[in-house]
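Before any comments, here is the structure.
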Amino acid sequence: MGDLSTDPGPALRKRLAAERNVWLCTVRPDGSAHVTPVWFVYRDSRWWIGVDGDSVKAGNVRADPRVSLALEDGRSPVVAEGEVSLLPDGFPPGVLRVFAEKYGWDPTARTRPGVPRVLLSVRVRRWLLRGTAR
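Take 2 as the starting number for the sequence shown in the working numbering and just add one per residue.
If you want it as structure tokens, here you go:
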């Protein structure tokens, strides 16, 4: 597989359904990287990630929607570059169902009192797969 700007294909979609964690890289206001592992689902040609509304991740993407995502397995790298849309409510029911199936978790459930949850929706601009990163 090479650098793809379209759908990743059935083999990679199957892997994305099975993988538990992805490293999310956002851009801090000073231009430095903020990298953190997160749970995710891949559905409807988008990555979906639930976060606290006041998290560093959420603040970073409000200021700069560019992100990179990297699966944990360095032997068979999968990196996606894209842009985030932040959804503060109206989470798609199909996405919530996939989170429940994959993790037994509701990404809308508050982790701290008074802190709303938001959903990051990442539209992939470019896939960088094994042997294609430049």
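Every residue, glycine too, gets a C-beta built ideally from N, C-alpha and C. Predicted model only: the values in this text are computed from it and were never measured.
- Taking C-beta atoms under 8 Å as the contact rule, Gly54 and Arg124 fail to qualify, at a distance of about 20 Å.
- Burial is judged here by how many other beta carbons sit within 10 angstroms of a residue's own beta carbon; Asn61 has at least 16 and is buried.
- DSSP places Arg29 outside both helix and strand once states are collapsed to three, so it counts as coil.
- Only residues of its own chain outside the window of five on either side were considered, and among them Trp49, Val96, Val99, Phe100, Lys103 have a CB closer than 7 Å to the CB of Val42, listed in chain order.
- With contacts defined by Cβ atoms closer than 8 Å, Val52 and Pro66 do not form a contacting pair.
- In this structure Trp106 is exposed. Its beta-carbon is surrounded by fewer than 16 other beta-carbon atoms within 10 angstroms.
- Note that the C-beta distance between Val57 and Leu130 is not below 8 Å.
- Annotation for Glu102: the continuous alpha helix (DSSP H) segment containing it runs 94-104.
- Partner residues in the beta bridge of Leu129, as assigned by DSSP, are Val80.
- Ranked by Cα distance from Ser69, the options Leu13, Asp31, Leu25, Arg63 are led by Leu25.
- Going by beta carbons, Arg126 and Gly83 fall inside the 8 Å limit.
- Apart from sequence neighbours up to five positions away, the residues of its chain that approach Arg63 with a beta-carbon distance below 8 Å are Leu87, ordered along the chain.
- With respect to Leu120, Phe92 sits close: the two C-beta atoms are nearer than 8 Å.
- Ala12: member of the alpha helix (DSSP H) spanning 11-19, first to last residue.
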